[in-house]
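Worksheet: the structure to be examined is printed underneath.
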Amino acid sequence: MSERNIDPSTHGITKMPRHVAIIMDGNGRWARQRGWLRLKGHQEGARAVKRTLELSYKLGVRHLTLFAFSAQNWSRPKPEVQGLMALLGEYLRTEQAELMRRGIRFRTIGDVTKLPENLQREILDLQQRTASNDRMDLIVALSYGGREDLVHAARAVAADAIAGRIKVEDIDIEAISARLYTADIPDPDLMIRTSGEMRISNFMLWQLAYSELYITEVLWPDFSEDDYIDALRVFGGRERRFGLTGEQVGGGGERER
Ligand code: IPE
Ligand code: IPE
Ligand code: MG
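If you want it as structure tokens, here you go:
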């Protein structure tokens, strides 16, 4: 058996999501609970990233998106922002061999032009090196916001309309989807948020339209393999209806009397 294959069913997972997206939240609280600097929480969070990526790969998740830094997170105190950027650089350097070994393609969503130049170069380099890897996608959301994503797409579609490449009446869901940062990535099937907040915080507003949401109280640095498996098990038990009835999608549904 290749190391890729952990059979999900041996963990009670009845159905696997193709695309898992995670709002990795709670690093600051994790550190505060221990009387430590927030940055220590982010460092420990990076270990949770490694665990999650590895298990995703082994279980056969095709796309994993991690919300690492939002467009709004730039307004945090400067030392925290700088610390996060340094940590990101370190992550890119230390994970490169692992991504190559496993055949994982690295990409980002968000406005990476806002990142420090050295980091932009490292991102581009890792993207190019892993471009032909085809076993899994690791998508890191950096300087990303769902509203910003939509603005970016709106500008692109407007530019295409003005240039005569698309007619206004041809602007439809596909036309917008194709101009988002996630253009060639299917929408998330499962969105996990750690640390208990019941909100989306400007993550993938368009793409989460029919994603199953799973929110756990566990803080991101504590998010373990078992916590991840719990989320996947819950996902397996959900009936996705996409606006149809339970009968139409072939699930149990509530029977009409
Ligand atoms: C998530 O943890 C990481 C980033 C947003 C970069 P937080 O830093 O938001 O942690 P809390 O929410 O303050 O606990
Ligand atoms: C969302 O978490 C962003 C990331 C996890 C990168 P935040 O901590 O920034 O969200 P709010 O402020 O609690 O809504
Ligand atoms: Mg937070």
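Residue numbering for the sequence shown follows this note's numbering, starting at 63 and increasing by one per position.
We put the CB at the ideal spot given by N, CA and C, even for glycine.
Please report the distance separating the alpha-carbon of G207 from that of W92.
As a first step, residue 207 must be located in the sequence shown, where it is residue number 145. As a first step, residue 92 must be located in the sequence shown, where it is residue number 30. Taking the straight line from one Cα to the other gives about 24 Å.
Quick one: grab the DSSP three-state call for F168.
As a first step, residue 168 is located in the sequence shown; it is residue number 106 there, counting from the start. The answer is strand: DSSP assigns F168 an E or B state.
Around ligand 5, which residues pass a check of Cβ closer than 5 Å to any of its heavy atoms?
Ligands displayed in this structure: ligand 1, ligand 2 and ligand 3; ligand 5 is not among them.
What do you get for F297, buried or exposed, if any count of 16 or more other CB atoms within 10 angstroms of its CB means buried?
Position 235 of the sequence shown, counted from the start, is the residue given in the question as residue 297. It counts as buried.
Starting from Y206, trace the beta strand (DSSP E) both ways and give me its first and last residue.
The residue labelled residue 206 in the question sits at position 144 within the sequence shown. Boundaries of the beta strand (DSSP E) harbouring Y206: M198 to Y206, taken from the DSSP string.
Check each candidate in I238, L146, R241 and D196 and name the one with the smallest Cα separation from S205.
Position 143 of the sequence shown, counted from the first residue, corresponds to residue 205. Looking at I238, L146, R241 and D196, the one whose alpha-carbon comes closest to that of S205 is L146.
Go ahead and pull the three-state DSSP assignment for R302.
The sequence position of residue 302 within the sequence shown is 240, counting from 1. In this structure, R302 counts as coil in the three-state DSSP scheme.
Using CA atoms only, rank isn't needed, just tell me which of Q310, E259, R94 and R302 is closest to P250.
Working through the sequence shown from its first residue, we reach residue 250 at position 188. The candidate whose alpha carbon is nearest that of P250 is R302.
Cutoff 6 Å; reference I238; Cβ partners in own chain excluding five residues on either side:
As a first step, residue 238 must be located in the sequence shown, where it is residue number 176. The answer, listed in chain order, is A215.
For Q134, which residues in the same chain have their Cβ closer than 7 Å to its Cβ, ignoring the five residues on either side in sequence?
Position 72 of the sequence shown holds residue 134. Once the five neighbours on either side are set aside, the close Cβ partners of Q134 are G207 and N264.
Endpoints, the alpha helix (DSSP H) within which Y119 is located
Position 57 of the sequence shown, counted from the first residue, corresponds to residue 119. Y119 -> alpha helix (DSSP H) spans R100 to L121.
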